[in-house]
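Chains as they are written, first to last, in the working numbering: chain A, 2 to 366; chain B, 22 to 346.
Idealized CB from N, CA, C, for every residue including glycine.
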Amino acid sequence: MSTTTSRTRPGRTTAGPGAVRPRRSTAVVTGAAGLALVVAVLAGIWVGAVPLAPGGVVLTLADRALGPFGVDVPGGLEGTQAAVLLQLRLPRVVLAVLVGAALAVSGAAYQGVFRNPLADPYLLGAAAGAGLGATLTIAYSPVQSVGPVGIVPLAAFAGALFGVFCALALGSVAGGAHSPTLLLAGIAVAAFLAAAQNLVQQQNSDDLREIYGWMIGQLGSSQWSDVLLVLPYLGVACAVLLCCGRALDVLAVGDDEAGSLGVHPGRLRLLVILAASLATASAVAVSGLIGFVGLVVPHIVRRLAGGSYTRVLPLSLLMGGAFLVLADLIARVILSPAELPLGVVTAFVGAPFFAVLLWAGARRR
Amino acid sequence: MSGSLPRAARSTSRTQRRSRVALPALTALLLVLPACGDSAEGEDEGAAASSSSAADFPVTLTADNGEVTLEEQPAAIVSMSPTATETLFAIGAGDQVEAVDDNSNHPADAPITDLSAFTPNAEAIVAYEPDLVVLSDDQNGIVDSLEALDVPVLLLGSAEDLDDAYAQMELLGEATGHADEAADAVADVRDRIESAVDSVPADAAGQKVFHELGPELYSADSSTFIGSIYSLLGLENIADGAPDPSGGYPQLSAEYVVEQAPDLIVLADTKCCDQSAATVAERPAFGAVPAVVDGRVVEADDDVASRWGPRIADFAETVAEALQG
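Encoded structure:
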């Protein structure tokens with residue numbers, strides 16, 4: 002890290018924000034973020050509670066990747082080790098990428114829509130709604146799953162969308178999709194749903210551990226079926242969000258100005274909120290409530306690559322995935338073979354990192 | 022009574038205030054909260070009021086909340102502890118129990134109410150006009166509140182080992198005038214656990230056990246009460262592989278559990294979370310675990326496995342049985 006005399010060395014630290022803000026080609030920053038994601042994923046696959054030989058991991062993965070083309074790669078892992086890699090670790094890393102990407106890109110989108118740096122994907126009641134849905138099913142549902150899909154993820158997904166829907170409905174009744182009104186509607190809905198969730202939780206103290214485990218977020222029981230469950234929603238939502246970068250840049254100058262530039266603020270806001278909420282809801286369904294990623298990753302990206310949403314959205318996608326894979330890696334390893342709650346790690350690692358970025362940025366100015 | 026029990030009780034209320042900071046501690050606390058569901062089997066209780074002796078009072082006892090003096094034999098006990106409820110009925114003090122908390126689901130004829138031990142309310146408890154309240158957790162300063170109202174309170178926190186559990190049973194015997202029956206109950210539990218230990222075949226010694234508290238793979242290591250039972254049975258507890266800072270109730274990594282290849286899996290999440298031998302077999306990578314292959318997945322009763330009353334003997338017998346042949 003920079004010492005006290007580092008004022009005159011712009012660009013020295015890799016985390017150095019301010020000075021690099023003006024220009025650096027999009028290809029370079031995207032490549033760097035992509036590389037960060039790849040490194041994070043490789044680390045996530047290699048490291049875990051059970052030590053696996055790197056060579057064996059590579060050969061096993063090559064064998065599985067080339068298998069459909071009729072190519073057999075010998076020498077891979079066998080038995081329990083292969084099962085650990087392919088059925089436990091790999092789906093978990095993939096899911097971490099998807100969830101982290103979804104939360105970060107949604108957070109960036111929310112911040113753009115509300116022109117508010119404190120916005121995060123849970124702002125409009127998605128978290129509170131998902132929490133209520135999950136708590137209700139944990140406490141009262143007589144069945145554990147509907148077909149192959151667990152009832153808790155389903156309820157969390159529906160609850161998240163319900164929370165956002167209530168906020169949008171209340172916001173439009175109270176004064177259209179004007180952003181401060183919507184924000185306040187979201188806060189009201191979130192507070193109400195969270196209170197309802199607390200009430201249900203208090204009435205069912207015997208289910209507390211399960212509810213609590215869900216609320217702090219976890220990827221420990223990830224399966225390939227979870228990946229398949231969220232992938233379609235995430236794909237659609239992310240595609241929509243990535244297309245909205247230009248429009249969000251225009252919106253940043255103000256509703257009236259955006260209108261005169263051909264962007265319909267109300268419609269854009271609705272579209273972005275719906276897409277971001279869909280991504281958030283599917284992420285929450287498989288991982289519970291993982292805080293901090295959606296708030297801070299977009300800010301880190303802004304500090305590194307400037308504030309244009311054409312950059313912030315795709316880079317948040319990549320960095321969010323990388324960040325959550327690394328956070329989950331720490332959650333798995335630091336007390337191995339025990340685990341830490343992922344939501345604790347994201348804040349524990351992310352907050353100091355973000356503080357350093359803020360501090361470094363302030364020194365530059 | 023173990024000197025560390027009051028500490029455990031105090032940390033309970035502290036955890037509430039600092040839940041964000043003390044997440045692992047809270048997790049551990051939640052793990053020891055009594056589990057849900059209805060009771061499985063009835064047990065002998067009540068009728069033996071004949072042997073109770075009012076002559077033993079006043080009596081002074083030392084519980085986790087310090088010295089407590091009972092002037093007369095209590096006749097209206099409120100039990101806010103499912104473990105204490107089971108013990109009270111097992112030692113023939115059931116007739117003296119006026120009300121029990123909403124988790125005290127055993128035995129079936131315990132006077133269950135909607136009193137919550139997790140969010141206890143002094144007024145609601147006092148409404149039953151108790152002459153003794155038994156608690157396992159001092160939530161929300163409830164002990165102070167009740168003592169301020171001159172209601173005798175016995176705080177009996179989670180037992181750390183069998184001796185703790187026996188001491189609590191004997192203490193409840195003295196507190197209710199059923200000391201002899203309590204001694205009998207302790208002797209009975211002691212004998213049954215000894216027989217269970219003796220019944221374990223020699224080749225089962227050192228086999229690996231995984232005790233599951235939830236499908237998120239929370240477990241209990243040998244430092245816990247339930248873990249001490251596995252130690253007695255001569256089993257190796259795979260949760261002991263977790264480092265100390267993870268507490269006695271670590272959440273184990275799925276890959277670690279699979280790699281450890283436990284010979285015995287004990288599910289203490291059958292009622293809360295609908296887990297069974299079948300659901301375990303369906304989990305990714307669990308199909309090849311020896312316990313699953315050999316059919317040694319014990320579907321235990323969550324309540325029995327999370328309490329430290331007389332039914333702990335049932336639990337020891339169930340586990341020992343699974344180790345036969």
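Can you give me the Cβ contacts of residue i inside the same chain, cut-off strictly under 7 Å, excluding the 5 residues immediately before and after it?
i: B:Val172; result: Val147, Pro151, Val154
i: A:Thr138; result: Ile152, Val153, Ala156
i: B:Val221; result: Leu254, Gly255, Ala341, Leu344
i: A:Ala50; result: Arg333, Ser337, Pro338
i: B:Glu119; result: Ala97, Ile98, Val99, Pro132, Tyr149, Pro151
i: B:Leu176; result: Ala30, Ala84, Asp85, Asn86, Leu156, Asp159, Val164
i: B:Arg332; result: Glu107, Val325
i: B:Pro141; result: Met101, Gln160, Asn161, Ile163
i: B:Ala206; result: Ala111, Ile112, Met190, Pro331
Quick one: list the residues of chain A neighbouring residue i, beta-carbon separation under 8 Å, in chain order.
i: B:Thr140; result: Gln203, Ser206
i: B:Ala282; result: Thr81
i: B:Pro398; result: Shown here, chain B extends from 22 to 346; a query on residue 398 of chain B therefore has no answer.
With residue i and residue j assumed to form a contact (beta carbons below 8 Å), what rounded beta-carbon distance in angstroms separates them?
i: A:Ile288; j: A:Val100; result: Correcting the residue identity first, residue 288 of chain A is Ser in this sequence and not Ile. The Cβ separation is near 5 Å, so the contact holds.
i: A:Val98; j: A:Ile46; result: A:Val98 to A:Ile46, Cβ: 11 Å. No contact.
i: B:Val313; j: B:Ala302; result: 5 Å
i: A:Gly218; j: A:Ile291; result: 4 Å
i: A:Gly108; j: A:Ala135; result: About 21 Å separates the two Cβ atoms, so there is no contact after all.
i: A:Ala110; j: A:Leu242; result: 5 Å
i: B:Thr90; j: B:Thr83; result: About 11 Å; that fails the 8 Å criterion.
i: B:Val278; j: B:Ile259; result: 7 Å
i: B:Gly194; j: B:Ala203; result: 2 Å
i: B:Ala275; j: A:Leu53; result: Incorrect: roughly 14 Å between the Cβ atoms, too far for contact.
Sorted by chain position, which residues of the same chain lie with C-beta nearer than 6 Å to residue i's C-beta, five sequence neighbours on each side aside?
i: B:Gln296; result: Pro236, Leu288, Asp290
i: B:Gln345; result: none
i: A:Ala191; result: Gly126, Ala129
i: A:Glu211; result: Ile139
i: A:Ala306; result: Val30, Arg312, Leu316
i: A:Phe193; result: none
i: A:Asp329; result: Ala97, Leu220, Leu343
i: A:Pro75; result: none
i: A:Ala284; result: Val100, Ala103, Leu104
i: B:His232; result: Ser240, Ala241, Val287
i: B:Ala337; result: Ile214, Ala217, Ile250
i: A:Ser406; result: Since the first residue of chain A shown is 2 and the last is 366, residue 406 of chain A is not available in this structure.
i: A:Ser223; result: Pro92, Arg93, Leu96
i: B:Ala298; result: Val318
i: B:Leu44; result: A caution first: B:Leu44 carries a pLDDT of 45, below 50, which makes its placement in the model unreliable, though a value can still be read off. There are no such residues.
Excluding five sequence neighbours on each side, which residues of the same chain lie with their C-beta closer than 8 Å to the C-beta of residue i?
i: A:Met320; result: Ala34, Ala37, Leu38, Ala105, Val298, Ile301, Val302
i: A:Tyr123; result: Ala129, Ala191, Thr281, Leu290, Gly292, Gly295
At a CB-CB cut-off below 9 Å, which residues of chain B make contact with residue i?
i: A:Gln198; result: The contacting residues do not exist; A:Gln198 stays about 15 Å from chain B at best.
i: A:Arg65; result: Residues of chain B passing the Cβ test: none, with the nearest at roughly 15 Å.
i: A:Arg268; result: Ordered by position in chain B, no residue passes the 9 Å Cβ test against A:Arg268, which lies about 39 Å from the chain.
i: A:Arg333; result: Ser274, Glu276
Chain A partners of residue i, CB-CB under 7 Å?
i: B:Glu237; result: Gly214, Gln219, Gly221, Ser222
i: B:Pro151; result: Simply none; closest approach about 21 Å.
Find the residues of chain A that neighbour residue i, judging by a C-beta separation of less than 9 Å, and give them in chain order.
i: B:Ser137; result: Gln203, Gln204, Ser206
So which residues of chain B does residue i contact, with C-beta pairs closer than 8 Å?
i: A:Gly351; result: Going along chain B, no residue has its Cβ under 8 Å from A:Gly351, so there is no contact; the nearest lies around 15 Å.
i: A:Ser283; result: Residues of chain B passing the Cβ test: none, with the nearest at roughly 20 Å.
i: A:Arg90; result: Glu276
What in chain B is Cβ-close to residue i, meaning under 7 Å?
i: A:Val51; result: Glu276, Tyr277, Glu280
i: A:Ser337; result: Ser274
i: A:Ala84; result: Val279, Ala306, Ala309
Residue i versus chain D: which residues are under 9 Å apart at the beta carbon?
i: A:Arg312; result: This model lacks chain D altogether, as its protein chains are A and B.
Cβ-based contacts, 7 Å cut-off: residues of the stretch 142-159 of chain A near chain B: Gln145
Chain A contacts made by the stretch 113-124 of chain B, where a contact means CB separation under 7 Å: Asn124
At least 3 beta-carbon pairs within less than 8 Å: the stretch 238-246 of chain B vs the stretch 208-221 of chain B: no
Chain A contacts from the stretch 254-287 of chain B (Cβ-Cβ distance under 9 Å): Ile259, Ala260, Gly262, Ala263, Pro264, Pro266, Ser267, Gly268, Pro271, Gln272, Leu273, Ser274, Ala275, Glu276, Tyr277, Val278, Val279, Glu280, Gln281, Ala282
Positions along the stretch 339-350 of chain A whose CB lies within less than 7 Å of some CB in chain B: Ala339, Glu340, Pro342, Val345
Interface positions of the stretch 294-327 of chain B facing chain A (Cβ-Cβ less than 7 Å), listed along the chain: Cys294, Asp295, Pro305, Ala306, Ala309
The stretch 193-206 of chain B / the stretch 312-326 of chain B touching (three or more Cβ pairs under 8 Å): no
At least 3 beta-carbon pairs within less than 8 Å: the stretch 67-86 of chain A vs the stretch 245-264 of chain A: no
Positions along the stretch 353-365 of chain A whose CB lies within less than 8 Å of some CB in chain B: none
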